[in-house]
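Take a look at the structure set out below.
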């Protein structure tokens with residue numbers, strides 16, 4: 001109970017250490033989700049509306065990649081941007097950019113697969129209507145994605161939920177540097193290890209609140225789709 | 227009249243199941259054409275061909291006298307408007323839905339809204355512009371879809387079951403508008419419909435699709451005219467006939483008489499039937515099953531009677547014979 005009360009005090013008192021981790025987490029997660037949305041939604045639309053060889057195999061691969069372990073992504077990117085890696089000279093390791101790259105790889109299959117699934121659910125008459133009104137492929141894709149926006153947004157929100165709560169990528173690629181790459185999840189891992197439960201619980205409360213917000217958003221969007 | 231569409235020996239199908247086979251059809255420029263046929267007969271497939279949404283697997287499709295090559299569809303489709311059987315409405319306002327085709331074609335917002343409003347007025351739904359289109363009734367959706375197509379001012383209007391499941395007001399609105407588009411604006415209209423009465427009222431040159439082929443539809447015992455006299459019992463006047471009728475709506479302009487309701491006799495019959503016409507047999511052919519004779523009579527207009535082969539033989543009738551055609555007033559039905 002004492003730990004909970006102290007955690008509540010840290011949250012409500014706007015403890016700088018706590019809020020620094022929160023802001024870093026949100027900044028990096030939102031950046032990686034935005035980038036993945038810009039790439040993933042058009043890709044998902046293309047997969048949903050296109051016909052090309054290997055389409056089904058790609059869908060299966062994307063489905064599999066949705067469950068990609070965060071530490072595996074962290075390890076792969078570490079191998080690329082580490083000192084001896086192909087991009088080692090760029091000096092990205094233990095920077096926020098490294099975390100964004102890792103989270104981007106983590107969230108991209110989720111956004112692509114879920115937005116493709118949402119767009120595939122579009123009424124076939126919509127595509128026929130667009131074609132009949134002389135819309136080209138790109139315009140048709142934009143109209144269909146716009147009409148299925150609730151499902152596409154749900155894909156984006158689900159992706160954000162995944163990256164904001166991941167720890168493997170942030171720990172391996174960010175290095176948990178205080179005030180620089182320390183996110184909520186890496187801070188929780190560190191403080192728990194040190195026995196500073198109040199700090200960890202305070203961050204846990206905020207992370208839970210964010211998770212709840214994400215789920216409420218998904219629930220609301222799901223309701224709109226129905 | 228020059229031909230706008232010509233389909234010569236067209237074959238098309240889905241997943242190796244043939245729908246249209248050796249299909250021939252000609253649609254004249256500025257004509258109103260009806261396509262009839264059962265479910266799955268290929269009416270909608272034919273409209274998809276005419277909208278260049280699919281290409282023939284075999285045979286030739288000519289548009290405006292020019293063979294349509296693979297890949298021409300997107301360019302030619304700009305001259306054609308298609309209203310689906312169950313039109314799709316975007317989750318947006320009615321006005322935005324009507325303006326969709328214009329937006330796709332890059333028309334400026336102010337101009338497309340003006341055109342969309344005009345098209346909505348044309349279908350009698352100007353008051354619905356601000357409503358969400360997903361909350362419209364079936365009849366309203368069809369009229370909004372028609373407005374969406376009219377806003378593009380296409381040369382050709384294709385409509386799939388335009389009067390299906392519509393209330394009488396919506397149906398009448400569409401039946402008033404389509405002939406106007408043909409007569410006043412020179413549009414070519416092709417309608418796929420189950421509604422025989424609607425095609426007759428529209429005066430459509432109709433084809434029945436059977437076994438993947440188009441056969442010219444000939445309406446039997448369908449007469450155009452007007453109702454004379456009030457009350458329950460009245461007359462229906464055509465160009466060459468005065469028919470006693472009962473319970474016809476005053477606005478009826480088309481009536482039909484089933485050939486099986488017409489009785490042929492050599493002498494005048496003493497009966498309660500109020501229609502007894504002097505007629506001359508001009509043709510007689512056995513039906514497909516060989517059980518009935520379809521007898522064509524001239525009684526001021528052509529009238530078909532269906533009699534059993536036994537009756538035909540017993541009466542000793544032949545071509546050129548003078549007879550009486552008798553049927554009840556209630557056999558005269560409004561279309």
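Residue numbers (the working numbering), protein chains in the order written: chain Y, 1 to 226; chain G, 227 to 561.
Glycine residues also receive a C-beta, built at the ideal position from the N, C-alpha and C atoms.
I'd like to know if the segment 291-308 of chain G and the segment 338-357 of chain G are in contact, where contact means that at least 3 CB-CB pairs between them fall below 8 Å. no
Contacting residues, own chain, Cβ-Cβ under 6 Å from residue 62 of chain Y (five flanking each side not counted): Closer than 6 Å at Cβ, skipping near neighbours: 109, 112, 113.
For residue 73 of chain Y and residue 177 of chain Y, the rounded distance between their alpha carbons: 20 Å
6 Å CB neighbourhood of residue 421 of chain G in its chain, flanking five on each side removed: 389
Proximity test, residue 558 of chain G beta-carbon vs the ligand FAD heavy atom, cut-off 8 Å: Among the ligands in the structure shown, none appear at all, so the ligand FAD cannot be discussed.
Does the distance from the C-beta atom of residue 253 of chain G to that of residue 245 of chain G stay below 9 Å? no
I need the DSSP call for residue 415 of chain G, collapsed to helix, strand or coil. Strand.
Option nearest residue 469 of chain G by Cα separation, candidates G/556, G/236, G/250: G/556
Under 9 Å between C-beta atoms, does residue 143 of chain Y make it to chain C? Protein chains Y and G are contained in the structure displayed, whereas chain C is not.
Unbroken beta strand (DSSP E) run spanning residue 260 of chain G, endpoints: 258-262
Could you spell out where the beta strand (DSSP E) holding residue 308 of chain G opens and where it closes? 306-309
With 16 as the cutoff for other CB atoms within 10 Å, does residue 137 of chain Y come out buried or exposed? With fewer than 16 Cβ atoms within 10 Å of its Cβ, residue 137 of chain Y is classed as exposed.
If we cut at 9 Å on Cβ distances, does residue 192 of chain Y have a partner in chain G? no
Given a cut-off of 9 Å on the beta-carbon distance, is the pair residue 443 of chain G and residue 262 of chain G in contact? yes
Please report the distance separating the alpha-carbon of residue 226 of chain Y from that of residue 148 of chain Y. Any reading at residue 226 of chain Y needs caution, since the residue's pLDDT is 46, under 50, leaving its predicted position unreliable; the model's value is listed next. If I take the Cα positions, the gap works out to 12 Å.
Who are residue 524 of chain G's beta bridge partners in DSSP? G/506, G/528
Using Cβ-Cβ distances below 7 Å, what residues of the segment 137-169 of chain Y are close to chain G? 139, 147
Whose C-beta lies closer than 7 Å to the C-beta of residue 135 of chain Y among residues of the same chain, with five residues either side of it excluded? Cβ within range, chain order: 143.
Could you give the residue range of the beta strand (DSSP E) that holds residue 432 of chain G? 431-436
Give the residues from the segment 111-140 of chain Y that approach chain G closer than 8 Å (Cβ to any Cβ), ordered along the chain. Residues passing the 8 Å Cβ filter: 123, 125, 126, 128, 129, 130, 131, 132, 133, 134, 135, 136, 139.
Chain Y contact residues for residue 330 of chain G, given Cβ-Cβ distances below 7 Å: 133, 134, 135, 139
For residue 308 of chain G, which residues in chain Y fall below 8 Å Cβ to Cβ? Within 8 Å Cβ-Cβ: 132.
Can you name the start and end residues of the beta strand (DSSP E) that residue 237 of chain G belongs to? 229-240
Any C-beta of chain Y within less than 8 Å: which residues of the segment 362-386 of chain G qualify? 374, 378
Can you grab the Cα-Cα spacing for the pair residue 251 of chain Y / residue 317 of chain G, in whole Å? Any question about residue 251 of chain Y goes unanswered here, given that chain Y covers just 1 to 226.
Just to confirm, are residue 174 of chain Y and residue 53 of chain Y a CB contact at a threshold of 9 Å? no
Could you say which of G/493, G/341, G/347, G/475 lies nearest to residue 403 of chain G if we only look at CA atoms? G/347
Are the Cβ atoms of residue 418 of chain G and residue 249 of chain G separated by less than 9 Å? no
Less than 9 Å between the beta carbons of residue 510 of chain G and residue 520 of chain G, yes or no? yes
Measuring only the C-alpha atoms, how far is residue 476 of chain G from residue 452 of chain G? Rounded to whole angstroms, the gap between the alpha carbons of residue 476 of chain G and residue 452 of chain G is 8 Å.
How big is the Cα-Cα spacing for residue 219 of chain Y and residue 243 of chain G? 43 Å
Is residue 365 of chain G near residue 396 of chain G, with beta carbons less than 9 Å apart? yes
Bridge-paired residues (DSSP) for residue 480 of chain G: G/450
In three-state terms, what does DSSP make of residue 249 of chain G? strand
Roughly how far, in whole angstroms, is the beta-carbon of residue 151 of chain Y from the beta-carbon of residue 121 of chain Y, given that I think they are within contact range, below 8 Å? 7 Å
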